[in-house]
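Residue numbers -23 to -1, 1 to 231, in mature numbering (1 follows the signal peptide of the UniProt record, and there is no 0), belong to the letters of the sequence shown in order.
Glycine residues also receive a C-beta, built at the ideal position from the N, C-alpha and C atoms.
On a predicted model such as this, the values are computed, not experimentally measured, just so you know.
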Amino acid sequence: MSFQFYAVMQILLLLLVLPSVKCVGSRIVGGVSVPIAKYPYQLSLRYQGSHICGATILAPQLAISAAHCFETEGAYSVKAGVSDLAEPGVVVHVTKAQIHPLHNSNSNDYDVALLFLASPLAFSDDVRPVHLPPIGGPYVVLTGTLGKTSGWGKTHQHSKEAHSSRLNMVELPVWDQEYCADVYYGQITRRMFCAGWPQGGRDSCQGDSGGPFVIEGVLYGIVSTGMGCAEPGYPGVYTDVQVIRSFIAEYGGI
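Have a look at this one:
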């Protein structure tokens, strides 16, 4: 029995128990607050000084986030090196956000943007770049694999707070691509993949957009969209970094 078939069967078996599971509608149920030193590539993307999205360090003056985080013109910056957003950390202005030329704001296809920073980040135990998939390497099928997503997003879908002050992390399994496309009525493109627990209860949420989905230290996904937060049967949708890797190489030079 192949690993992929076994992983798909695990997900389908979990789906069978959905009617007996109560939706808690929360992010990081079963997840944890984490120190930035464990996820030093994590950035807070800020608009006019307030947290709006996540981002990920790629190089001293380069980061990556979701294109839909830049729907409003204005002053953007990133904060690095903190677990608690109340801490001062290191704040650097974004001089340019290079949105993928094929980005579709209606479908969220090609939901990725490269961020060019005004000054280089000084790397330390709390500030460090993530690894990227190789350029032109064979596509790695991730179905059933657990990845880690982190951020300062809402801890409950209906929370009145815009975001959490503490960095949180949750592990989520990648779904079979065809099954996820069926769940989302064919709206999942080749540039996307889905991850989440079929019974709900753990997910990324508003304020986590643009943040990382990492497997064994490698950035495979960018938090993009989904149906609510942690809803049973509806996984989160992520931009597939393997598929848009050439965009990073062309515009970011890495």
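Worksheet item: By a C-beta neighbour count over all protein chains shown, 10 Å radius and 16 as the cutoff for buried, is K73 buried or exposed?
Response: As a working mapping, residue 73 is identified with position 96 in the sequence shown. Result: exposed.
Fill in: C-alpha gap between I192 and Q38, whole angstroms
Along the sequence shown, one-based indexing puts residue 192 at 215. Along the sequence shown, one-based indexing puts residue 38 at 61. Taking the straight line joining both Cα atoms gives about 23 Å.
Discussion item. According to DSSP, is H45 part of a helix, a strand, or is it coil?
Written reply: In the sequence shown, counting from the first residue as 1, residue 45 sits at position 68. Three-state result, H45: helix.
Worksheet item: If you draw a straight line from the C-alpha of K56 to the C-alpha of S127, how long is it?
Response: Within the sequence shown, residue 56 is the residue found at index 79, counting from 1. Within the sequence shown, residue 127 is the residue found at index 150, counting from 1. Cα-Cα distance, rounded: 15 Å.
Item to complete: Would you kindly work out how many angstroms separate the C-alpha atoms of S84 and K15, rounded to a whole number?
Response: To locate residue 84, count along the sequence shown from 1; it is residue 107. To locate residue 15, count along the sequence shown from 1; it is residue 38. One C-alpha to the other measures close to 33 Å.
Worksheet item: Rounded to a whole number of angstroms, what is the C-alpha to C-alpha distance between L(-9) and P175?
Response: Translated into positions along the sequence shown, residue -9 becomes position 15. Translated into positions along the sequence shown, residue 175 becomes position 198. Note on L(-9): pLDDT 42, under 50, position unreliable in the model; no value is reported.
Item to complete: Taking only the alpha-carbon atoms, compute the straight-line gap between S(-4) and Y211 and give it to the nearest angstrom.
Response: Your numbering for residue -4 matches position 20 in the sequence shown. Your numbering for residue 211 matches position 234 in the sequence shown. Residue placement at S(-4) is flagged as unreliable, the pLDDT there being 31, under the threshold of 50; the coordinate-derived value follows with that caveat. If you take the alpha carbons of S(-4) and Y211, they lie about 16 Å apart.
Worksheet item: Roughly how far, in whole angstroms, is the beta-carbon of G58 from the beta-carbon of I13, given that I think they are within contact range, below 8 Å?
Response: Stepping through the sequence shown from its first residue, residue 58 is reached at position 81. Stepping through the sequence shown from its first residue, residue 13 is reached at position 36. Right, their Cβ atoms sit about 6 Å apart.
Worksheet entry | beta strand (DSSP E) runs contained entirely in the stretch 32 to 119, provided each spans 3 or more residues | 39 to 42, 53 to 57, 67 to 76 and 90 to 94
Item to complete: Note down the Cα distance separating V195 from G51, rounded to an integer number of angstroms.
Response: Position 218 of the sequence shown, counted from the start, is the residue given in the question as residue 195. Position 74 of the sequence shown, counted from the start, is the residue given in the question as residue 51. If I take the Cα positions, the gap works out to 31 Å.
Item to complete: From the DSSP output, in three-state form, read off R222 for me.
Response: Here the question's residue 222 lines up with position 245 in the sequence shown. Looking at R222 - three-state DSSP - the assignment turns out to be helix.
Discussion item. Considering Cα atoms alone, identify which of G198, V220 and I225 is closest to P115.
Written reply: Indexing the sequence shown from 1 puts residue 115 at position 138. Nearest C-alpha to P115: V220.
Discussion item. Between R222, G130, S141 and G173, which has its C-alpha nearest R167's C-alpha?
Written reply: Taking the sequence shown and counting its residues from 1, one reaches residue 167 at position 190. Among R222, G130, S141 and G173, the Cα nearest to that of R167 belongs to R222.
Fill in: Residue of S142, Y156 and D185 minimising C-alpha distance to E64
One-based indexing of the sequence shown puts residue 64 at position 87. Nearest of S142, Y156 and D185 to E64, Cα basis: S142.
Item to complete: Would you mind giving the Cβ-Cβ distance between G163 and L22, rounded to the nearest angstrom? I have them listed as a contact below 8 Å.
Response: Stepping through the sequence shown from its first residue, residue 163 is reached at position 186. Stepping through the sequence shown from its first residue, residue 22 is reached at position 45. At roughly 30 Å, the Cβ-Cβ gap does not stay under 8 Å, so G163 and L22 are not in contact.
Worksheet item: Can the beta-carbon of V69 be found closer than 8 Å to that of A95?
Response: For this step, residue 69 is matched to residue 92 along the sequence shown. For this step, residue 95 is matched to residue 118 along the sequence shown. In this structure, A95 lies closer than 8 Å to V69 by Cβ.
Worksheet entry | Candidates I225, I231 and D153, of which the one nearest P78 by Cα | Sequence index remark: in the sequence shown, residue 78 carries index 101 (1-based). Ranking the options by Cα distance to P78, first place goes to I225.
Discussion item. Given this structure, state the Cα-to-Cα distance separating I34 from Y228, to the nearest angstrom.
Written reply: Along the sequence shown, read from residue 1 onward, the residue named residue 34 stands at position 57. Along the sequence shown, read from residue 1 onward, the residue named residue 228 stands at position 251. Using only the alpha carbons, I get a separation of about 15 Å.
Worksheet entry | Three-state secondary structure assigned by DSSP to V160 | Counting from one through the sequence shown, the residue named residue 160 turns up at place 183. The answer is helix: DSSP assigns V160 an H, G or I state.
Worksheet entry | Nonlocal neighbours in the same chain, by C-beta distance under 7 Å from G66, ignoring five residues either side | Walking along the sequence shown from the start, residue 66 turns up at place 89. Taken in chain order, the residues that qualify are K56, A57, G58 and V59.
Fill in: Cα-Cα separation between G113 and D61, rounded to whole angstroms
By 1-based counting over the sequence shown, the position of residue 113 is 136. By 1-based counting over the sequence shown, the position of residue 61 is 84. Answer to the nearest angstrom: the Cα atoms are 37 Å apart.
Worksheet item: Shortest alpha-carbon distance to Y53 belongs to which of W152, D86, S82 and F93?
Response: Residue numbering aside, residue 53 sits at position 76 when the sequence shown is read from its first letter. When only C-alpha atoms are compared, the closest one is F93.
Worksheet item: Going by alpha carbons, who is nearest to L109 out of A36, N145 and V147?
Response: Taking the sequence shown and counting its residues from 1, the one referred to as residue 109 is at position 132. Selected option, being the one with the closest Cα: A36.
Item to complete: Between the Cα of G198 and those of T122, Y156 and W129, spot the shortest distance and give me the residue it belongs to.
Response: For the purposes of this step, residue 198 is identified with residue 221 of the sequence shown, where counting begins at 1. Closest by alpha carbon: T122.
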